[in-house]
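Student:
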Amino acid sequence: MAIDLEIWWLRSLSFIIVVRFLGSHIVAIGKMLKDLAFFMCIIFIVMAGYGVASRSMIYYPNADKLNVTNFSTEFNGRSIFRQIAYPIYYLMYGEFGNELSTLDEYPDAGWSISTHVLLAAHMLFVNILLTNLLIAMFSKRFDQVYEDTQNIWHSQQYLFTREYYTRSPFFPPISLIYDVYYLCRIIFFKIRHVCFKKPTDRRAKVFKMIPINKNCIKDWCEFEGASTYEYAHTEAKASKVASMTSTHSSDSYSIEKGEDTSDNINDSNNSNNNLRQIQDDLAKLINDLKKLKYN
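If you count the sequence shown from 1, you need to add 59 to reach the numbering used here.
(1) Using CA coordinates, which residue listed in 193, 217, 101 and 182 is at the minimum distance from residue 149?
(2) Could you tell me the boundaries of the alpha helix (DSSP H) in which residue 110 lies?
(3) For the alpha helix (DSSP H) holding residue 247, just list the boundary residues, first then last.
(4) Go through its chain and collect everything with a Cβ distance to residue 112's Cβ below 8 angstroms, but skip five positions before and after it.
(5) Can you tell me whether residue 226 is helix, strand or coil according to DSSP?
(6) For residue 289 and residue 222, I'd like the C-alpha separation in whole angstroms.
(7) Could you tell me if residue 110 is buried or exposed, where buried requires 16 or more neighbouring beta carbons within 10 angstroms of its beta carbon?
(8) Considering residue 177, what are the terminal residues of the alpha helix (DSSP H) in which it resides?
(9) For residue 171 versus residue 159, is the C-beta spacing smaller than 7 angstroms?
(10) With DSSP as the reference, label residue 283 as helix, strand or coil.
(11) Candidates 144, 241 and 174: which alpha carbon is nearest residue 116's?
(12) Looking only at its chain, what residues have a beta carbon closer than 7 angstroms to the beta carbon of residue 147, apart from the 5 residues adjacent to it on each side?
(13) Tell me the rounded alpha-carbon separation between residue 293 and residue 285.
(14) As a quick exercise: from 232, 192, 205 and 151, pick the residue whose alpha carbon is nearest that of residue 355.
(15) Suppose contacts are defined by Cβ-Cβ distances below 7 angstroms. Is residue 3 in contact with residue 204 by that definition?
(16) Taking all protein chains shown into account, decide if residue 226 is buried (16 or more other Cβ within 10 angstroms of its Cβ) or exposed.
Right, dumping it as structure tokens:
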């Protein structure tokens, strides 16, 4: 029930997505989650590597020497999460726990020194390199969304209104029955269209907003035209930059290969002259053969 309440509060963020100044930030958060998923994949690999290596050097060879009462060497899911995943995850936030105290009790041991070096490399890679990489990715993503705030706001407003008209008329969990019925209806008409070449569902919902104020249609058309013009202008500018880059590269290449080109032209002219000479000789030979034939 508590988790359901948390999900409901998060779902309520969709109600403010149509606000001009807040909607773009919600969209930015959604896109940042994709960057966070990529970051978590790298973090998981690094954490697993350090966790397994450090625990294998500290606890397993020295289980009888260390005064550790809350450490379990059992190989199961709960032990792996409690002894490896949980403490290593909080290292990312600077929470060391007893990570350093255990190592400081045996400062001259080889496994203690090697684990100290491994911990320093892990903190340098995760807390400095990867954390700053994540911040840079978030900053870039927010700048991209901020530059297109107006279009994003109109798009989210449209999607939110469309969702209102396409939602089930029943409340959950009764709405599941309607969803199953609607899915079966889509599959039925799809099979009917593919196998029997009959038209699809004519009663399917097609979203079209008809405003009460007719002047809104003009505003919508102007918005669509402005968006299309902006997109075309951006694409044309990008293609122009690409063509200028390719032209500059081709000019540099032609200057470097100028001498080779002139040599190739001379060789081509010589080949053409030789070909003409051969053709003339063949023509004379054919004429001589014809004369011999008539004689």
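Heads up, the beta-carbon is just placed ideally off N, CA and C, and yes, glycines get one too. Model, not experiment: these values are computed from the prediction.
Tutor: Reading it off the structure:
(1) When 193, 217, 101 and 182 are compared, the shortest CA-CA separation from residue 149 is found for 182.
(2) Per DSSP, residue 110 belongs to the alpha helix (DSSP H) from 79-117.
(3) Residue 247 -> alpha helix (DSSP H) spans 234-255.
(4) Residues 177 of the same chain have their beta carbon placed closer than 8 angstroms to that of residue 112, with the five preceding and five following residues left out of the count.
(5) Looking at residue 226 - three-state DSSP - the assignment turns out to be coil, as it is neither helix nor strand.
(6) Between residue 289 and residue 222, the C-alpha separation is close to 27 angstroms.
(7) It counts as buried.
(8) Taken as a continuous stretch (DSSP letters only), the alpha helix (DSSP H) holding residue 177 covers 169-182.
(9) The answer is no: Cβ separation not under 7 angstroms.
(10) Here DSSP, grouped into helix, strand and coil, assigns residue 283 to helix.
(11) Comparing Cα-Cα distances from residue 116 to each of 144, 241 and 174, the minimum goes to 174.
(12) Residues of the same chain with a CB within less than 7 angstroms of the CB of residue 147, apart from the 5 flanking positions on each side, are 106, 109 and 110 in chain order.
(13) The alpha-carbon separation between residue 293 and residue 285 amounts to approximately 12 angstroms.
(14) Residue 355 is absent from the structure shown; the chain starts at 60 and stops at 354.
(15) Any question about residue 3 goes unanswered here, given that the chain covers just 60 to 354.
(16) Taking all protein chains shown into account, residue 226 has fewer than 16 neighbouring C-beta atoms within 10 Å of its C-beta and is therefore exposed.
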